[in-house]
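Trainee:
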Amino acid sequence: MEPEAQISNAGDNVDAPKPATFEGRLQLRNFMYSAPQQPIRRSPRFAAASESPSPSSSSATTVTKSPSSKKRRQTQTPDESSSSSPQKKKRNRQKSGYAPPSTYAHLPELPDAVAPNLLVFFIGLNPGIETARTGHAYAHPSNLFWKLLFSSGVTPVPCRADEDRQMPERFSLGLTNIVARPSRNGAELSKQEMDDGVSLLEDKARKWRPESMCVVGKSIWESIWRVRHGSPVGKAFKYGWQDESENMGIIKGEWAGAKVFVATSTSGLAASMSPAEKQAVWNQLGSWVKTRRAEREAEKEKEAEKKESETEQVEAAADADS
C-alpha cells in the first residue's frame, strides 16, 4: 500500500500544471531590479562632515577653506585687472621724444612756395608725415591751417592743401618752415635744429622781402626770440603783431624788414586754446591782409590808369607832330 501511495503522489506532481511565471531556466528573477537594502551612499567628504561636526575636524577645515580660497581669487582678479588697465592707458599716452633725421630719411623734404612781393610769408614748424607723403603743406585732415586762412579772410575763397604751390601767384601768400626735415610731431625735433633754422628764415626774408612773416605756432617764435635775445621769451610772449624791432630780414639803410605776426598753431594736437580763441588771433591777420590786398588792388588800378594816360599823351603828341 505504501508504494502505491508514493506512485499516486508522483503522478499528482507530474500531472498538476503550475501557474505561469517568469521563472524559467535562466531564473529571470535574478536579473530584476530590486531596491537597495542599504541607505544611499554619500560623498566621503559630506559623510565626514556630518559625522564630525566639530570645527576642529580636518575634513571640515578642508570644506570651509575651499570656498574662501575661491572668494580670495575672485576678489583678487578685479584688483589685478583694474590695476593693469591704467598701466595700458599710460603706455598709450606716452609722449614721443627726439627722433634723429635718419628716422624719417625715407620721406622727402617739402620745397618752399615762394615768390617776390608776398603779402604774407607763413613759417611753419616742419613737414608732418602726411605732408611729406603727399608733398603738400598742412596736408593732415586734422590741421586747421587752410580752414583758418579762409575763415579769417586771408584767402577770399576756400583752398586745399594740394593748391599750396599756387598760393604765391593767386593770393601773394608764401609757405616755408623753420625745420626742413619731416617728423611725426614737434617733440621729435631738437631745440638746436630749430635754433639753427632761424638764420635761414632771416636769409629768406632778405631774399624775397615779403611785407610780413606769419609765425604759425608759439614754439617757432620762442626759437626766434631765444636766438635773438639769448634768453627765453617768457612773459614777453604775445600773439599778434610784434614790435618793429622784431622785424625779420632787416637790411640797415636799405630795407626795414618784414613785419612779424605770431599766430596760433594749426595742428590738430594743439589744444591749449579754444577754437574761438584761435579764430580771434587769426582774424587779426585776416583783417590786415584784406586791407592790404584792397590797397594793392587800388594801387594797381592807379598804375594802370597812369600807364593808360601816358600812352594817350604819347599818341596825342604823335598826332600833333604829324
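Residues 1 to 322 (UniProt numbering) are what the sequence shown spells out, left to right.
Beta carbons: idealized from backbone N, C-alpha and C, even for Gly.
Bear in mind that the values here come from a model prediction, so they are computed numbers and not experimental data.
1. Can you name the residues that DSSP bridges to ASN126?
2. Should GLN242 be labelled buried (16 or more other beta-carbon atoms within 10 Å of its own) or exposed?
3. Determine the direct distance from the alpha carbon of ALA320 to that of PHE122, and round the result to whole angstroms.
4. Just to confirm, is the Cβ distance from SER205 to LEU175 under 8 Å?
5. Along the chain, where does the beta strand (DSSP E) containing LYS204 start, and where does it finish?
6. When you compare only the Cα positions, how much space is there between LEU149 and ASN143?
7. Using a threshold of 8 Å, state whether the C-beta atoms of SER172 and LEU118 are closer than that.
8. CA-CA distance, PHE145 and SER267?
9. Please tell me whether MET167 and GLU202 are closer than 8 Å, where the distance is taken between their beta carbons.
10. Could you name each continuous beta strand (DSSP E) segment of 3 residues or more that falls completely within the stretch 98-143, going from the start of the chain to the end?
11. Please classify LYS235: does DSSP put it in a helix, a strand, or coil?
12. Apart from the five residues on each side of it in sequence, which residues of its chain come closer than 6 Å, Cβ to Cβ, to LYS307?
13. Would you check if the distance between the CB atom of ALA180 and the CB atom of SER96 is smaller than 8 Å?
14. For residue 328, which of VAL227, LYS191, LEU269 and LYS147 has the nearest alpha-carbon?
15. Could you compute how far the alpha carbon of GLU222 sits from the alpha carbon of MET194?
16. Spatial neighbours of ALA258 within its chain, please: CB distance less than 8 Å, with the 5 preceding and 5 following residues excluded, ordered by chain position.
17. Would residue 325 be called buried (16 or more neighbouring beta carbons within 10 Å of its own) or exposed?
18. Using 10 angstroms around the beta-carbon of ILE251, count the other beta-carbons present and answer buried if the total reaches 16, otherwise exposed.
19. Could you check the C-alpha separation between HIS229 and ALA236 for me, to the nearest Å?
20. Step through the CB atoms of chain B and report whether any lies within less than 8 Å of the CB of ARG184.
21. By Cβ distance, which residues of its chain are closer than 8 Å to GLY153, with the 5 residues on each side in sequence left out?
22. Measuring straight from C-alpha to C-alpha, what distance separates ASP162 and LEU107?
23. Taking just the CA atoms, how far does GLU295 sit from VAL316?
24. Got a sec? Which residues, its chain only, sit under 6 Å from PRO127 by beta carbon, not counting five neighbours each side?
25. Would a C-beta distance cut-off of 8 Å place GLY240 and VAL281 closer than the cut-off?
26. Among GLU301, GLU169, ALA298 and ALA276, whose alpha-carbon lies nearest the alpha-carbon of SER151?
27. Please return the same chain residues whose Cβ sits closer than 6 Å to the Cβ of LYS278, not counting the five positions on each side in sequence.
28. Is ASN247 helix, strand or coil by DSSP?
29. Taking all protein chains shown into account, decide if GLY217 is buried (16 or more other Cβ within 10 angstroms of its Cβ) or exposed.
30. DSSP state of VAL179, grouped into three classes?
Mentor: Quick look at the numbers:
1. By 1-based counting over the sequence shown, the position of residue 126 is 126. None, per the DSSP bridge assignment.
2. For the purposes of this step, residue 242 is taken as residue 242 along the sequence shown, with counting starting at 1. Flag for GLN242 reads buried.
3. Position 122 of the sequence shown holds residue 122. Position 320 of the sequence shown holds residue 320. Distance between the alpha carbons of PHE122 and ALA320: 53 Å.
4. Counting from 1 along the sequence shown, the entry for residue 205 is found at position 205. Counting from 1 along the sequence shown, the entry for residue 175 is found at position 175. What sits at residue 205 in the sequence shown is Ala, not Ser. Against a cut-off of 8 Å, the Cβ pair of LEU175 and ALA205 comes out as no contact.
5. The residue you call residue 204 lines up with position 204 of the sequence shown. From DSSP, LYS204 is part of no beta strand (DSSP E) but of the alpha helix (DSSP H) over 191-208.
6. Your numbering for residue 149 matches position 149 in the sequence shown. Your numbering for residue 143 matches position 143 in the sequence shown. Cα to Cα, LEU149 sits roughly 12 Å from ASN143.
7. Taking the first residue of the sequence shown as 1, we reach residue 172 at position 172. Taking the first residue of the sequence shown as 1, we reach residue 118 at position 118. Cβ distance < 8 Å, so SER172 and LEU118 count as in contact.
8. In the sequence shown, counting from the first residue as 1, residue 145 sits at position 145. In the sequence shown, counting from the first residue as 1, residue 267 sits at position 267. Those two C-alpha atoms are separated by around 8 Å.
9. For the purposes of this step, residue 167 is taken as residue 167 along the sequence shown, with counting starting at 1. For the purposes of this step, residue 202 is taken as residue 202 along the sequence shown, with counting starting at 1. Not a contact, by the Cβ cut-off of 8 Å.
10. Runs of the beta strand (DSSP E) lying entirely within the stretch 98-143 and spanning at least 3 residues, in chain order: 120-124.
11. Residue 235 sits at position 235 when you count from the first residue of the sequence shown. In the structure shown, the three-state DSSP call for LYS235 is helix.
12. Within the sequence shown, numbered from 1, the residue matching residue 307 stands at position 307. Same-chain partners within the cutoff: there are none.
13. For the purposes of this step, residue 180 is taken as the residue at position 180 of the sequence shown. For the purposes of this step, residue 96 is taken as the residue at position 96 of the sequence shown. It is not a contact, given that the beta carbons lie outside the stated cut-off.
14. Since the first and last residues shown for the chain are 1 and 322, residue 328 lies out of range.
15. Your numbering for residue 222 matches position 222 in the sequence shown. Your numbering for residue 194 matches position 194 in the sequence shown. Approximately 10 Å between the Cα atoms of the pair.
16. Taking the first residue of the sequence shown as position 1, residue 258 is located at position 258. Here the set comprises PHE121, ALA205, ARG209, PRO210, GLU211, SER212, MET213, ASN247, MET248 and GLY249.
17. There is no way to answer for residue 325, as the model of the chain reaches only from 1 to 322.
18. By 1-based counting over the sequence shown, the position of residue 251 is 251. Exposed.
19. By one-based count along the sequence shown, residue 229 stands at place 229. By one-based count along the sequence shown, residue 236 stands at place 236. Whole-angstrom Cα-Cα distance: 12 Å.
20. Given the protein chain composition of this structure (a single chain), no chain B is represented.
21. In the sequence shown, counting from the first residue as 1, residue 153 sits at position 153. The answer, listed in chain order, is ASN283, GLY286, SER287, VAL289 and LYS290.
22. By one-based count along the sequence shown, residue 162 stands at place 162. By one-based count along the sequence shown, residue 107 stands at place 107. Taking the straight line from one Cα to the other gives about 18 Å.
23. The count along the sequence shown starts at 1 and reaches residue 316 at position 316. The count along the sequence shown starts at 1 and reaches residue 295 at position 295. Just to set this straight, residue 316 is Ala in the shown sequence, not Val. Rounded to whole angstroms, ALA316 to GLU295 spans 31 Å at the Cα level.
24. For the purposes of this step, residue 127 is identified with residue 127 of the sequence shown, where counting begins at 1. Closer than 6 Å at the Cβ level, and outside the excluded window around PRO127, lie LEU110 and PRO182.
25. Start at 1 with the first residue of the sequence shown, and residue 240 comes out as number 240. Start at 1 with the first residue of the sequence shown, and residue 281 comes out as number 281. Contact: yes.
26. Translated into positions along the sequence shown, residue 151 becomes position 151. Closest by alpha carbon: ALA276.
27. As a first step, residue 278 is located in the sequence shown; it is residue number 278 there, counting from the start. Within the same chain, LYS278 has close Cβ partners THR264.
28. Working through the sequence shown from its first residue, we reach residue 247 at position 247. Note: ASN247 maps to coil in three-state DSSP.
29. On the sequence shown, residue 217 is found 217 positions in, with the first residue counted as 1. The residue is buried, with at least 16 neighbouring Cβ atoms inside 10 Å.
30. Taking the sequence shown and counting its residues from 1, the one referred to as residue 179 is at position 179. In the structure shown, VAL179 sits in coil (DSSP, three-state: anything other than H, G, I, E or B).
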